[in-house]
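Sequential numbering of the sequence shown, starting at 383, is according to my numbering.
C-beta: ideal position from N, C-alpha, C; glycine also.
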Amino acid sequence: MERSEKKRRYDETLIAVVLVLVVIGLVVLMSTSSYNGRVKFDDSFYYLKKQGFATFIGLLGMGIISRVDYHRWAVLAIPGYVAAIALSVAVMLFGDEYNGSKRWLSLGPVSFQPSEFAKVAVILFLAWLISRYASKMKRFRTLVLMMLPVLPVAALVGASNLSTALIILGIAVVLVFVASPGYSQFIWMGSAGVAFMGVFLAMESYRLERLAIWQNPEKYEKGYQTLQGLYAIGSGGLFGRGLGNSIQKLGFLPEAQNDMIFSIICEELGLFGAGIIIFLFLLLIWRFFVIATKAPDLLGALIAAGAMAHMMIQVILNIAVVTNSIPNTGITLPFISYGGTSVVFLLLEIGLVLSVSRLIE
């Protein structure tokens, strides 16, 4: 009885944190996007309405998925993987371009980013694949074979969205690491990854330019967004200017509701408000970790670990970019930044983790 009560409480904790983040995201988005919505669409609530609808769809999907035994979703591992590759190819051929990046597909009135679907597809596919070959994971050859199917997805996504490709590769490495009984082989994998990234960056001049902009943003026109984000962070102080009182969002920080939204949070809510949001993300990651360690089997553990890796990598990269700790990569802040596709698939992913949690005894 005590264990059942504890499990139920854990489920409620995860759900509560997600709901709080979703509500905070909508409130912050309303404040951050109202100016752009009014200027571009003559509607201060334009972005909020679209995000609110996507959030509703995501929460509905999360509720449905959480009530289905996660083993039943394993049959979709291969079809989901194939669909991720097909959609990534479709983006290259027929994708819509926005701000110089071709990342969207349009199906009638609906536009979405297949790269967000690819993250969830890779988690489910690798969790299924690794659980089938768990007894052979101590071999270095097996580790390499587990990584190979991820490379086509990462390469196709990385052609137009390097940051998401890095997240996908990071998720794959974490899942392989979790299932592997040894650690020394990851030194070789890490070395190979660093070498690959060096070659990949050198292949396109604009990628090397990002490194130069990161080091000296004030010397480049493209460093404008980074500087404005830093001004927003610096002007917020401890408690901020107050919700809705940001100055940088009034045309100074381009597309403030997207990947740079954390800087507006710092400006309006200060270090205190930003710290609360970081704390909520830490709670979410901790819940994933607990569910992964108590999962009924390896498949469930890997699903929870994959979601944990996804959330952890994306939050760290976004905040690092906003604070100019790393070069700009265009990563959004989960549940907070504007993006209907992102919030829908994040919530579906949460549903998968909840379905694992429900079967913990």
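Query                                                                                                                                                                                : Result
Expressed to the nearest angstrom, what Euclidean distance is found between the alpha-carbon atoms of VAL725 and GLN597?                                                             : 32 Å
Taking its Cβ as the centre, do 16 or more other Cβ atoms sit within 10 Å of PHE507, making it buried, or is it exposed?                                                             : buried
Three or more C-beta pairs closer than 8 Å, one from the stretch 528-542 and one from the stretch 668-688: is that the case here?                                                    : no
To the nearest angstrom, how far is it from the Cα of ALA614 to the Cα of MET528?                                                                                                    : 43 Å
Chain C beta carbons: is any one of them nearer than 8 Å to that of ARG514?                                                                                                          : Among the protein chains of the structure shown there is no chain C, as only one such chain exists.
Measure how close the beta-carbons of LEU411 and GLN639 come, nearest whole angstrom, since I'm counting them as under 8 Å.                                                          : 6 Å
So the alpha helix (DSSP H) SER513 belongs to, where does it begin and stop?                                                                                                         : 496-514
Where LEU728 and GLY721 are concerned, what is the direct C-alpha to C-alpha distance, given to the nearest angstrom?                                                                : 11 Å
For GLU479 and GLN495, I'd like the C-alpha separation in whole angstroms.                                                                                                           : 11 Å
Given a cut-off of 8 Å on the beta-carbon distance, is the pair ILE667 and GLY655 in contact?                                                                                        : no
Any idea what DSSP makes of ASP424, helix, strand or coil?                                                                                                                           : coil
Might you give, ordered along the chain, the residues of its own chain that have their beta carbon closer than 6 Å to the beta carbon of ILE439, omitting 5 neighbours on each side? : VAL726
Could you spell out where the alpha helix (DSSP H) holding LYS676 opens and where it closes?                                                                                         : 643-676
What is the DSSP secondary structure of GLU384, reduced to helix, strand or coil?                                                                                                    : The predicted position of GLU384 is uncertain, since its pLDDT is 46 and thus under 50; a value taken from the coordinates is nonetheless stated next. Reduced to three states, the DSSP call for GLU384 is helix.
Between the Cα of LEU609 and those of GLN433, SER645, ARG485, spot the shortest distance and give me the residue it belongs to.                                                      : SER645
Near GLU384, what residues of its chain come up, given a Cβ to Cβ distance below 8 Å and the 5 sequence neighbours on each side ignored?                                             : Residue placement at GLU384 is poorly supported in this model, since its pLDDT is 46, which falls under 50; the coordinates still yield a value, given next. Hits under 8 Å: none found.
Flag this pair as yes or no: are the beta carbons of ILE553 and VAL504 separated by less than 8 Å?                                                                                   : yes
Which whole runs of the alpha helix (DSSP H) in the stretch 416-464 are 4 residues long or more, in chain order?                                                                     : 428-448, 452-455
Checking 8 Å against the spacing of the C-beta atoms, do SER470 and ALA500 come in under that value?                                                                                 : yes
So LEU662 and VAL402 are supposed to be a Cβ contact under 8 Å. How far apart are they, rounded?                                                                                     : 6 Å
Cα separation between ILE708 and GLU743?                                                                                                                                             : 42 Å
Rounded to a whole number of angstroms, what is the C-alpha to C-alpha distance between ARG740 and ALA547?                                                                           : 31 Å
My assumption, with CB atoms under 8 Å, is that LEU430 sits in contact with LEU396. Please give the rounded CB distance.                                                             : With 8 Å as the limit, LEU430 and LEU396 do not qualify as a contact, their Cβ atoms being about 25 Å apart.
Under the three-state reduction of DSSP, which class applies to ASP679: helix, strand or coil?                                                                                       : coil
Nearest to LEU699 by CA position, among THR675, GLY657, MET642, is which residue?                                                                                                    : MET642
Report the option in ALA677, LEU458, GLY733, GLY712 whose CA atom is closest to the CA atom of SER545.                                                                               : GLY712
Out of VAL502, LYS422, ARG623, state which residue places its alpha-carbon closest to the alpha-carbon of PRO461.                                                                    : VAL502
Could you spell out where the alpha helix (DSSP H) holding PHE522 opens and where it closes?                                                                                         : 522-529
Measure the CB-CB distance between GLY657 and GLY618 and report whether it falls below 8 Å.                                                                                          : no
Is it buried or exposed, PHE717, if we count other Cβ atoms within 10 angstroms and call 16 or more buried?                                                                          : buried
When the Cα atoms are used, what is the spatial distance from PHE427 to LEU612?                                                                                                      : 26 Å
Roughly how many whole angstroms lie between the Cα atoms of ALA516 and TYR602?                                                                                                      : 50 Å
Mind reading off the beta-carbon distance from VAL738 to LEU715? Whole number of angstroms is fine, and I expect it under 8 Å.                                                       : That belief does not hold up - the Cβ atoms of VAL738 and LEU715 are roughly 25 Å apart, past 8 Å.
Please confirm whether ALA689 and LEU734 have their CB atoms less than 8 Å apart.                                                                                                    : yes
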